[in-house]
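Residue numbers (our numbering): 5 to 268.
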């Protein structure tokens, strides 16, 4: 097998939510594969160290403070990328939020709007801006970070709904933009040890319950998502579009078999 298929040399990538977790791990992995990487999130202080780590890998980087739910921020972000790099080849829509933990029957309008604005609306319009550039380039790749909560109903209510909608948005964008040689895919992680999921894995009781639902009997690490990002962004994934890759340690398939049979 020719491993050069996984090279991203000379490509320009944008990673939203790039200051930590899956975003940071994916940004570093794409830099290792040769891409120049722009990282964005709301706070520049969190981004600057990541940009330095990327540059240490021998590629260019830029940190830009931008709120994924604000259209003016997204436009500014795209404009700065084009001014600095002159192109955009890869967009990783990783930024997400979940401001409400509780039953759907008590969901309030404010946190509903925040969740949908960041997890769906912001992704649509940033992707639209990127796709217009990629259309002119006659190539591009967009990767959306969804969740297994978007595949199977969970306890996170509107967050799950937003991630399910993102799966469909991925399919629609792939269908419409394939004619421009733009590929659009999604990744649906299970419980990954990031700040967004801290409430699910820092509590020992919650963590134990979670492990009982995962056949691999452990939580995932951000780096285990990053490898899939490189695959989807590279020539190795050149005929993959409209798909949602589930990376959850087998959780969507049910609890570990030994818990059902009594075997070890």
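In this text, a Cβ means the ideal position worked out from N, Cα and C, and glycines have one as well.
Query: Who pairs with residue 69 in a beta bridge, going by DSSP?; Result: 45
Query: Take residue 52 and list the residues in its own chain whose beta-carbon comes closer than 7 Å to its own, dropping the five residues that flank it on each side.; Result: 67
Query: Answer with buried or exposed for residue 199, where buried requires no fewer than 16 other C-beta atoms within 10 angstroms of its C-beta.; Result: exposed
Query: Report the rounded CA-to-CA distance for residue 160 versus residue 106, giving the unit in angstroms.; Result: 7 Å
Query: Which of helix, strand or coil does DSSP assign to residue 2?; Result: The chain is shown only over 5 to 268; residue 2 falls outside these bounds and no answer can be derived.
Query: Suppose contacts are defined by Cβ-Cβ distances below 7 Å. Is residue 14 in contact with residue 21 by that definition?; Result: no
Query: Any idea what DSSP makes of residue 13, helix, strand or coil?; Result: coil
Query: Thinking just about the alpha-carbon of each residue, which of 191, 92, 251 and 40 is nearest to the one in residue 62?; Result: 40
Query: Is DSSP giving residue 231 helix, strand or coil here?; Result: helix
Query: Going by the CB atoms, is the gap between residue 98 and residue 155 shorter than 7 Å?; Result: no
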